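Read the structure below first, then the notes.
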């Protein structure tokens, strides 16, 4: 479960990053991704489920620095931080008013997933055998990932990543889990190649 | 060091042997469910979303989001567990027939689903069965003791200013669950602490994210969905 969870998490969090550059093809996407040194943005996550009368809204911020440093942080409703730096990944949760390391065991598996994330960061959308990737041009560039095989069966039906053509910035990621459930992440205040202090990938506070 | 180990062992033994506390009964044959009894339970259908911190052996074990839909009139329960990242780990409903809609390991055992639904009912629904005793505890707290059809005992205790406590014991009087409703805001479910005695004891600290009453009949809504 941990691997599936973290694969889901990594897709939700990181699949978008190479898309900050517009591309006509996956090959071009990989070339453009090579120019990305840092990315930071705010996000709003909307969780839709049958049991919810209205989407559950989460807000947060993420940071990336090449080659493999991440920080994915939720401010609310549940304060959590995933930090990965120099091959070491940790997850923190709010406990008794301070951030405490999540010891549920998912972090170990996270290392495996983050190795895969590095591939995503390199724009290698079409090189993951778990997904069939397609790219469609329109007002925005739409990348669609459809799971292949049984690994994601019953968990993810489809992932749609929308990238603004002119600004070359990611607009949204939609993870469709089934008929009645989806996770939509809308991004804002995207900044590419702006300096990020190393402490962002080390300190939880 | 030996002293500390002995102390911990003694504490664990005492905790594992907790039994029904003695009540200074004021109405020993109480059969009515009057207003003397603490009643922190739902009066109407509600949807509640909580941040849930899981602790095992005192350590923080993880954090999840819990969604509960509960109707006290029909005792219908629908619930889901998801990660902060939005992944649904578990979803089930009890009409009262238990139906698991999604369960990823390690949430895929039948015991987990049953325990979760029972815990939700213990928190949000008034006990089924009869009040056997009501009175006060030695510390002055008001208590009502219920016995369910299964024989299990449920104590509902109002202890001011700490809040309301719900304890469940087996038919033989062995402690199984403790719920604490901490009165830190207007909503009685703002902070819920659940302590469970299982093979591996655990506790949950639930902090309310949002709560809303549900208008209309949940059963009607459910039937409509089924027809679709």
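Residue numbers (the numbering used here), protein chains in the order written: chain A, 1 to 205; chain B, 206 to 433.
C-beta: ideal position from N, C-alpha, C; glycine also.
Source: prediction; values computed, not measured.
Could you check where the beta strand (DSSP E) with residue i kicks off and where it finishes?
{"i": "residue 98 of chain A", "result": "98-101"}
{"i": "residue 266 of chain B", "result": "264-276"}
{"i": "residue 242 of chain B", "result": "Careful: residue 242 of chain B lies outside any beta strand (DSSP E) and carries neither H nor E."}
{"i": "residue 198 of chain A", "result": "Per DSSP, residue 198 of chain A belongs to no beta strand (DSSP E) and is neither H nor E."}
{"i": "residue 144 of chain A", "result": "140-147"}
{"i": "residue 171 of chain A", "result": "170-178"}
{"i": "residue 306 of chain B", "result": "303-308"}
{"i": "residue 79 of chain A", "result": "Careful: residue 79 of chain A lies outside any beta strand (DSSP E) and carries neither H nor E."}
{"i": "residue 88 of chain A", "result": "88-95"}
{"i": "residue 285 of chain B", "result": "281-287"}
{"i": "residue 131 of chain A", "result": "131-136"}
{"i": "residue 294 of chain B", "result": "293-299"}
{"i": "residue 376 of chain B", "result": "Looking at the DSSP string, residue 376 of chain B is not in any beta strand (DSSP E), and its letter there is neither H nor E."}
{"i": "residue 162 of chain A", "result": "158-164"}
{"i": "residue 340 of chain B", "result": "335-341"}
{"i": "residue 348 of chain B", "result": "347-352"}
Along the alpha helix (DSSP H) that carries residue i, what are the first and last residues, could you check?
{"i": "residue 318 of chain B", "result": "315-329"}
Give me the DSSP bridge partner(s) of residue i.
{"i": "residue 411 of chain B", "result": "B:257 and B:397"}
{"i": "residue 186 of chain A", "result": "A:44 and A:172"}
{"i": "residue 369 of chain B", "result": "B:363 and B:386"}
{"i": "residue 207 of chain A", "result": "Nothing about residue 207 of chain A can be read from this structure; chain A reaches only from 1 to 205."}
{"i": "residue 192 of chain A", "result": "A:39"}
{"i": "residue 59 of chain A", "result": "A:44 and A:76"}
{"i": "residue 224 of chain B", "result": "B:379"}
{"i": "residue 417 of chain B", "result": "B:252"}
{"i": "residue 230 of chain B", "result": "B:340"}
{"i": "residue 181 of chain A", "result": "A:178"}
With a 10 Å radius around its C-beta and 16 neighbouring C-beta atoms as the bar for buried, classify residue i as buried or exposed.
{"i": "residue 258 of chain B", "result": "buried"}
{"i": "residue 233 of chain B", "result": "Residue confidence is low: residue 233 of chain B scores 49 on pLDDT, short of 50, so the model does not pin down where it sits. No coordinate-derived value is stated."}
{"i": "residue 278 of chain B", "result": "exposed"}
{"i": "residue 366 of chain B", "result": "exposed"}
{"i": "residue 65 of chain A", "result": "buried"}
{"i": "residue 53 of chain A", "result": "exposed"}
{"i": "residue 203 of chain A", "result": "exposed"}
{"i": "residue 250 of chain B", "result": "buried"}
{"i": "residue 136 of chain A", "result": "exposed"}
{"i": "residue 374 of chain B", "result": "buried"}
{"i": "residue 360 of chain B", "result": "buried"}
{"i": "residue 80 of chain A", "result": "buried"}
{"i": "residue 376 of chain B", "result": "exposed"}
{"i": "residue 15 of chain A", "result": "Because residue 15 of chain A sits at a pLDDT of 43, beneath the cut-off of 50, its placement in the model cannot be relied upon, and the point is left open."}
{"i": "residue 102 of chain A", "result": "buried"}
{"i": "residue 291 of chain B", "result": "buried"}
{"i": "residue 314 of chain B", "result": "exposed"}
{"i": "residue 139 of chain A", "result": "exposed"}
{"i": "residue 285 of chain B", "result": "buried"}
{"i": "residue 35 of chain A", "result": "exposed"}
{"i": "residue 189 of chain A", "result": "exposed"}
{"i": "residue 463 of chain B", "result": "There is simply no residue 463 of chain B to check, as chain B begins at 206 and stops at 433 in what is shown."}
How about residue i and residue j: do their beta carbons lie closer than 8 Å?
{"i": "residue 156 of chain A", "j": "residue 172 of chain A", "result": "no"}
{"i": "residue 62 of chain A", "j": "residue 40 of chain A", "result": "yes"}
{"i": "residue 256 of chain B", "j": "residue 77 of chain A", "result": "yes"}
{"i": "residue 253 of chain B", "j": "residue 394 of chain B", "result": "yes"}
{"i": "residue 201 of chain A", "j": "residue 93 of chain A", "result": "no"}
{"i": "residue 74 of chain A", "j": "residue 60 of chain A", "result": "yes"}
{"i": "residue 362 of chain B", "j": "residue 370 of chain B", "result": "yes"}
{"i": "residue 181 of chain A", "j": "residue 49 of chain A", "result": "yes"}
{"i": "residue 283 of chain B", "j": "residue 170 of chain A", "result": "no"}
{"i": "residue 225 of chain B", "j": "residue 378 of chain B", "result": "yes"}
{"i": "residue 43 of chain A", "j": "residue 198 of chain A", "result": "no"}
{"i": "residue 398 of chain B", "j": "residue 389 of chain B", "result": "no"}
{"i": "residue 392 of chain B", "j": "residue 409 of chain B", "result": "no"}
{"i": "residue 58 of chain A", "j": "residue 346 of chain B", "result": "no"}
{"i": "residue 175 of chain A", "j": "residue 38 of chain A", "result": "no"}
{"i": "residue 246 of chain B", "j": "residue 331 of chain B", "result": "yes"}
{"i": "residue 228 of chain B", "j": "residue 348 of chain B", "result": "yes"}
{"i": "residue 407 of chain B", "j": "residue 307 of chain B", "result": "no"}
{"i": "residue 300 of chain B", "j": "residue 281 of chain B", "result": "yes"}
{"i": "residue 130 of chain A", "j": "residue 149 of chain A", "result": "yes"}
Report yes or no: is there a C-beta of chain C within less than 8 Å of the C-beta of residue i?
{"i": "residue 244 of chain B", "result": "Of the chains in the structure shown, none is chain C; the protein chains are A and B."}
Please confirm whether any heavy atom of the ligand MG lies closer than 7 Å to the CB of residue i.
{"i": "residue 334 of chain B", "result": "Although the ligand MG was asked about, the structure shown includes no ligands whatsoever."}
At least 3 beta-carbon pairs within less than 8 Å: the stretch 373-390 of chain B vs the stretch 399-418 of chain B: yes
At least 3 beta-carbon pairs within less than 8 Å: the stretch 271-284 of chain B vs the stretch 296-309 of chain B: At 8 Å Cβ cutoff, the stretches touch.
Meets three-Cβ-pair contact criterion under 8 Å: the stretch 334-349 of chain B and the stretch 239-254 of chain B: yes
Given 8 Å, three or more beta-carbon pairs between the stretch 157-164 of chain A and the stretch 133-149 of chain A: yes
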